[in-house]
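What follows is one structure encoded as C-alpha cells, with my remarks underneath.
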Amino acid sequence: MIELDAVAYSYGGGEIFSDVSVNLEQGSFYFLTGPSGAGKTTFLKLCYGGLLPTAGHVRVFGAKVCSLERDQVAMMRRKIGIVQQDVQFLDHLPVSDNIVLPLTISDRNSDLAAPDLDDLMNWVGLTDRARGLPEELSGGERQRAALARAVIMSPDIVLADEPTGNVDWEMSKRLLYLLTELNQMGKTVLIATHDLSLIRAAKAQVQARVLRISKRGVHLAGANL
Amino acid sequence: MTPVLSLLRNLIFGDIRADSVVPPSGFTNQLTLFISGAMAFLAVFGLALSLASGRLATKWNNELARTATIRIIAPPDQLAGKTEATLKVLQTTSGVAEARALTGVEQQALLAPWLGHDLRLDLLPLPQLVEIISEKVGFDATGLRLRLLAEVPGAILDNHDRLRLPLLDAVFRMQLLGWGVLVLIFAVVAAMVTLGTNVSLAANAQVVNVLRLLGATDSYIKQAFVRRLTIKTFVGSTLGILLGLLTIWAMPSVDKSHGFLSGIELQGEGWIISLLLPFVFGVVAFVATVNAANQVLRKIS
Ligand SMILES: Nc1ncnc2c1ncn2[C@@H]1O[C@H](COP(=O)(O)OP(=O)(O)OP(=O)(O)O)[C@@H](O)[C@H]1O
Ligand SMILES: [Mg+2]
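Here the protein sequences line up with chains A and B, keeping their order. Residue numbering for the first sequence follows this note's numbering, starting at 1 and increasing by one per position. Residue numbering for the second sequence follows this note's numbering, starting at 226 and increasing by one per position.
Encoded structure:
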C-alpha cells in the first residue's frame with residue numbers, strides 16, 4: 001500500500017529522520033508512536049504526498065509519489081482518508097456539508113444515502129451539531145468531524161494524526177472502534193498517537209503493529225510497549 | 226476535450242453547488258463589478274469615437290474627393306472666352322461627370338459671408354469659378370493641370386487635396402486613438418481580474434488546502450473562482466455598456482453641419498458591436514482568471 005524506501009526528510013535544518021524503510025501492508029492496523037517532535041506528523045505527510053522526501057522514495061498504491069502529476073496526486077488522495085493534527089474545515093459551510101465534502105469534490109454525493117450520513121454523524125456523536133458551523137465546535141468535536149470526513153469515502157487507507165488527542169476515554173474507544181471496523185473491512189489504518197493506553201485497548205480488538213519513531217529512525221516495536 | 230474547453234463547459238453548465246466551497250468574498254467581487262462596469266462605460270465611448278471617425282473619414286473622402294474647382298483669372302473681356310475654353314477641355318477629360326460655371330449670383334452667395342450682400346461683383350475683378358464633379362473613379366488631376374496650362378492659361382485647378390489630406394490624417398488618428406482606448410480598457414480589465422484572482426486565492430489559502438487534502442483537482446478548485454469573476458465582469462460590463470449607450474442616446478444631437486462631435490453617435494453596426502462587448506469582457510476575464518489561477522495553484526503545492 002504505502003512503501004517508504006530509504007526515505008530521509010529535513011525541513012531545511014537537520015534531518016528529522018533518515019534511511020527509513022517501512023512497508024505498510026494492505027489491511028493492516030498500525031500505530032505510529034514516539035515523543036513529541038519526533039516526526040510523526042512529518043511521517044504521515046510523507047505518506048500522502050503532503051511532503052516529498054529529501055532522499056529516497058515513497059510509493060503509494062505502487063506509484064512513486066514524486067513522479068505523479070498534480071491531478072494524479074488528487075486522485076490518490078481520494079483513496080486516502082486523512083485526519084490532520086490541526087484539523088481545517090471550510091469555515092463558511094455547515095459541519096455536515098464539511099463532512100460530505102470529499103463526496104462533493106469527487107461528484108459522488110448521490111452515493112451516500114441520508115441514513116448512512118445520519119449513522120455516521122451519530123457514531124461520532126455530532127448529530128445535533130450537524131447544522132452548526134465548524135467554528136462552533138470544541139477541539140474534540142473538530143477531531144470527530146474530521147474523522148467522519150476522512151472515512152465517508154470509504155477510503156483504502158486511513159491516516160489519522162492524534163485523532164483522540166482532545167476527546168475523553170469513552171469517545172476515544174468509540175473512535176477506535178470505528179477505525180477497527182474499517183480495518184476489518186480490509187482498509188489499512190495508521191494512527192499517530194502517544195496515547196499508550198489507546199494502543200493497549202486496540203490490541204484487544206485487532207492485531208495492531210506499532211511503529212516507534214526515534215532519533216535512530218522508524219522501527220517496529222516489540223510486543224511489549 | 227481540451228482543458229480550456231472543459232473549463233468553459235463547466236463555467237456555463239457546471240455544478241453551481243461546487244461554487245459554495247469558496248466563501249463569497251464580497252470585496253473582490255464588488256470591485257470587479259465596479260471596475261468592469263466603469264471600463265465598459267468608457268469602452269462605449271472609445272467604440273463610438275472609432276466608428277464615428279471612420280464614418281467621417283469616408284464621408285469627407287467621398288464628398289471632397291469628388292469635387293474640385295477651377296479658378297479662371299483673366300481680364301474681364303477674356304473671361305467669358307476662357308470659361309468657354311475651360312468647359313470644353315473638361316468635356317473631353319475622362320472621369321469628369323459634370324462641369325459648370327458658377328453664375329454671378331452663386332459667386333456672390335459664396336462671398337457674402339466675407340463681403341456682405343450688397344456688393345456689386347461686376348465692379349470687382351473676380352475670378353470665374355468652375356465647379357467639377359468627378360465620376361467615382363476620379364480624373365487625372367496632374368494631366369488636367371498640364372492641359373489647362375497649355376490651353377487655357379490663367380485657369381487653375383484646385384482639387385481640395387490640401388484641405389482633404391490633413392483632415393483625413395486627423396480623422397485617422399482619432400480612429401486609431403479610439404481603438405487604442407479600447408485595447409487599453411481590455412488590458413486594464415485583464416490586469417484587474419488577474420489581481421482579483423490572486424487576492425481571492427490568497428485570501429482563501431485554507432480553502433485551497435482543505436480541498437487539496439480531500440482530493441480536489443486544480444480545475445475543480447479553479448472553477449469557482451473563475452466562474453465568480455467571469456460572471457461579475459460580464460454583469461458589470463453589461464451594466465456599464467447599457468449606461469454608456471443610454472448616455473450617448475441622451476446626448477443632445479448637434480446639427481449635422483456643425484462637424485465633428487455630432488458624429489459621436491452610434492449607428493447600426495455600433496449598437497450591435499456594443500451589445501457584443503460584454504461577451505468580449507467576459508472572455509477577457511475568463512482567460513485572465515484561468516491564467517492567474519493556474520499560476521497561483523502551481524505555486525501552492
Ligand atoms: N514546517 C516546519 N518547518 C520546520 N520545522 C518543522 C516544520 N514542521 C515540523 N518541524 C519540526 O520537525 C520536527 C518533527 O515535527 P512533527 O510535527 O513531525 O513532530 P510530531 O512527532 O508530530 O510531534 P507532536 O507529537 O508534538 O505532534 C519538530 O522538531 C518540528 O519542530
Ligand atoms: Mg504531530
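Glycine is no exception: its CB is placed at the ideal position from the N, C-alpha and C atoms. Nothing here was measured: the structure is a model prediction, and the numbers come from that model.
Exposed unless 16 or more other CB atoms sit within 10 angstroms - verdict on residue i
| i | result |
| --- | --- |
| Ser482 of chain B | Low per-residue confidence applies at Ser482 of chain B: pLDDT is 47, beneath 50, and the placement is therefore not dependable, though the value from the model is reported in the following sentence. Looking at its Cβ environment, which holds fewer than 16 other Cβ atoms inside 10 Å, Ser482 of chain B is exposed. |
| Leu198 of chain A | buried |
| Arg131 of chain A | exposed |
| Leu276 of chain B | buried |
| Ile105 of chain A | buried |
| Arg77 of chain A | buried |
| Phe504 of chain B | exposed |
| Val523 of chain B | The amino acid occupying residue 523 of chain B in the given sequence is Arg; Val does not appear at that position. Burial call: exposed. |
| Met476 of chain B | exposed |
| Tyr48 of chain A | buried |
| Glu15 of chain A | exposed |
| Ile99 of chain A | buried |
| Leu137 of chain A | buried |
| Ala412 of chain B | exposed |
| Pro338 of chain B | exposed |
Heavy atom of ligand 1 within 7 Å of residue i beta-carbon
| i | result |
| --- | --- |
| His194 of chain A | yes |
| Ser245 of chain B | no |
| Ile525 of chain B | no |
| Ile82 of chain A | no |
| Ile16 of chain A | yes |
| Ser214 of chain A | no |
| Tyr48 of chain A | no |
| Gly139 of chain A | no |
| Tyr30 of chain A | no |
| Gly217 of chain A | no |
| Ala427 of chain B | no |
| Ala412 of chain B | no |
| Ala146 of chain A | no |
| Tyr445 of chain B | no |
| Gly262 of chain B | no |
| Tyr11 of chain A | yes |
| Gly34 of chain A | yes |
Coil, strand or helix - residue i by DSSP
| i | result |
| --- | --- |
| Ala63 of chain A | strand |
| Asn429 of chain B | coil |
| Phe511 of chain B | helix |
| Arg296 of chain B | strand |
| Asp443 of chain B | helix |
| Tyr48 of chain A | coil |
| Gly14 of chain A | coil |
| Asn109 of chain A | helix |
| Ala265 of chain B | helix |
| Val95 of chain A | helix |
| Arg372 of chain B | helix |
| His483 of chain B | Residue placement at His483 of chain B is flagged as unreliable, the pLDDT there being 49, under the threshold of 50; a coordinate-derived value is accordingly withheld. |
| Ile213 of chain A | strand |
| Thr41 of chain A | helix |
| Gln353 of chain B | strand |
| Ile498 of chain B | helix |
| Gly271 of chain B | helix |
| Leu276 of chain B | helix |
| Gly132 of chain A | coil |
| Ala326 of chain B | strand |
beta-carbon residue i near ligand 3 non-hydrogen atom, thresh 7 Å
| i | result |
| --- | --- |
| Ala38 of chain A | Among the ligands in the structure shown, ligand 3 does not appear; only ligand 1 and ligand 2 can be found there. |
Of all residues in the structure, which have a C-beta closer than 7 Å to any heavy atom of ligand 2, taken in chain order? A:Lys40, A:Thr41, A:Gln85, A:Asp161, A:Glu162 and A:Ala192
Touching by the beta-carbon criterion (3+ pairs, under 8 Å), the stretch 249 to 261 of chain B and the stretch 448 to 466 of chain B:
yes
**Message:** Whether or not the stretch 12 to 21 of chain A and the stretch 165 to 183 of chain A are in contact is what I'm after, with contact meaning three or more pairs of Cβ atoms, one per stretch, closer than 8 Å; do they touch?
**Reply:** Counting Cβ pairs under 8 Å, fewer than three are found: no touch.
Touching by the beta-carbon criterion (3+ pairs, under 8 Å), the stretch 55 to 63 of chain A and the stretch 2 to 11 of chain A = The stretch 55 to 63 of chain A vs the stretch 2 to 11 of chain A: in contact.
Check: Can you find at least 3 beta carbon pairs, one from the stretch 315 to 322 of chain B and one from the stretch 403 to 418 of chain B, that sit closer than 8 Å?
Finding: no
For the structure I just gave you, are there three or more beta carbon pairs, one from the stretch 145 to 164 of chain A and one from the stretch 67 to 84 of chain A, closer than 8 Å? yes
Check your understanding: For the 8 Å Cβ check, are there 3 or more pairs between the stretch 184 to 192 of chain A and the stretch 22 to 34 of chain A?
Key -> Segments in contact, yes.
ask   = Counting Cβ pairs closer than 8 Å, one from the stretch 410 to 424 of chain B and one from the stretch 503 to 518 of chain B, do we hit at least three?
value = yes
Item to check | At least three beta-carbon pairs within less than 8 Å, the stretch 262 to 278 of chain B to the stretch 369 to 389 of chain B | outcome: no
Q.
Counting beta carbon pairs with one atom in the stretch 203 to 216 of chain A and one in the stretch 33 to 45 of chain A, are three or more of them shorter than 8 Å?
A. yes
| task | Kindly confirm or deny that the stretch 395 to 403 of chain B and the stretch 358 to 371 of chain B touch, where touching means at least three C-beta pairs closer than 8 Å. | result | no
Pairing CB atoms from the stretch 495 to 510 of chain B with CB atoms from the stretch 425 to 441 of chain B, are three or more of them under 8 Å? The stretch 495 to 510 of chain B is not in contact with the stretch 425 to 441 of chain B.
Notebook entry, point to check: For the stretch 461 to 468 of chain B against the stretch 263 to 272 of chain B, are there 3 or more C-beta pairs whose distance is under 8 Å?
Noted result: yes
- Query: Taking three-plus beta-carbon pairs below 8 Å as touching, is the stretch 290 to 305 of chain B in contact with the stretch 381 to 392 of chain B?
  - Reply: yes
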